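So for the sequence shown, numbering that gives the first Met the number 0 puts the first residue at 0; every next one is plus one. Reading through the structure tokens given below for one structure.
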Amino acid sequence: MKFWITLLVAGITLPFQAHSEGDLTRQTPIVVEVELGTTEGEMRFSPSHLEFETGKLYRLVLINNSPQPHYFSSNGMARSVYTRKAQTYAPDGQRTAEIKGHIHEIEVFPGHKADWWFVPVQTGEFNDLTCPVAGHQEAGMTGSIRIY
């Protein structure tokens, strides 16, 4: 988007052109899928290391095909992104809820999916990706996130 601005400096009017890049309302989201656990009951995130770039719109698709509920939880990531919304889906694909506001973790029931739409706004490396269900972290359900 280009527009003209008039600037008054020391009594002299100077027109200059301002240019705005990266309108986040018009970005196509970058889709990243993460499986929570496995159909065989393994405790893991796949992939277990995620990377996101600041200023880009992401749609993080959390898929739970396992027989147990799982969480996607990272306080470091939660503090470093602007959340646009989160949506949950039933096994038949019907949207069941839309959540707005700050999100710290998302629980995904067996056979369900959730989408987390966000824009990273602060860089960092976080080794705090976990599933806080009792025993899941100890069984290997951990990961890391890098925002650059």
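Beta carbons: idealized from backbone N, C-alpha and C, even for Gly. The structure presented is a predicted model; accordingly, all values stated were derived computationally and were not measured.
### Query
When you compare only the Cα positions, how much space is there between residue 64 and residue 112?
If you number the sequence shown from 1, residue 64 lands on position 65. If you number the sequence shown from 1, residue 112 lands on position 113. C-alpha separation (whole angstroms): 9 Å.
### Query
Under the three-state reduction of DSSP, which class applies to residue 79: helix, strand or coil?
Sequence index remark: in the sequence shown, residue 79 carries index 80 (1-based). Reduced to three states, the DSSP call for residue 79 is helix.
### Query
What is the C-beta distance between residue 61 and residue 107, in whole angstroms, given that I count them as a contact (C-beta under 8 Å)?
Taking the sequence shown and counting its residues from 1, the one referred to as residue 61 is at position 62. Taking the sequence shown and counting its residues from 1, the one referred to as residue 107 is at position 108. Yes, residue 61 and residue 107 are in contact; Cβ-Cβ is about 5 Å, under 8 Å.
### Message
Tell me which residues share the same chain as residue 145 and place their Cβ nearer than 6 Å to its Cβ, disregarding the 5 neighbours each side in the sequence.
### Response
Looking up residue 145 in the sequence shown gives position 146. The residues 50 and 124, in chain order, have a CB closer than 6 Å to that of residue 145 in the same chain once the five nearest residues on each side in sequence are set aside.
### Message
Can you list, in chain order, the residues of its chain with a C-beta nearer than 6 Å to that of residue 76? Leave out the 5 residues immediately preceding and following it.
### Response
Here residue 76 corresponds to residue number 77 of the sequence shown, with the count starting at 1. Residues of the same chain with a CB within less than 6 Å of the CB of residue 76, apart from the 5 flanking positions on each side, are 125 and 144 in chain order.
### Query
Can you name, in chain order, every residue of its own chain whose Cβ lies under 6 Å from the Cβ of residue 73, other than the five neighbours on each side?
For this step, residue 73 is matched to residue 74 along the sequence shown. Beyond the five residues adjoining it in sequence on each side, residue 73 comes within less than 6 Å, by CB distance, of 125, 127, 128 and 144 in the same chain, given in chain order.
### Message
Judging by CA-CA distance, which residue of 54, 109, 52 and 29 is the nearest neighbour of residue 87?
### Response
Along the sequence shown, read from residue 1 onward, the residue named residue 87 stands at position 88. For residue 87, the nearest C-alpha among the options comes from 109.
### Cα-Cα separation between residue 37 and residue 102, rounded to whole angstroms
In the sequence shown, residue 37 corresponds to position 38, counting from 1. In the sequence shown, residue 102 corresponds to position 103, counting from 1. Roughly 24 Å between the two C-alpha positions.
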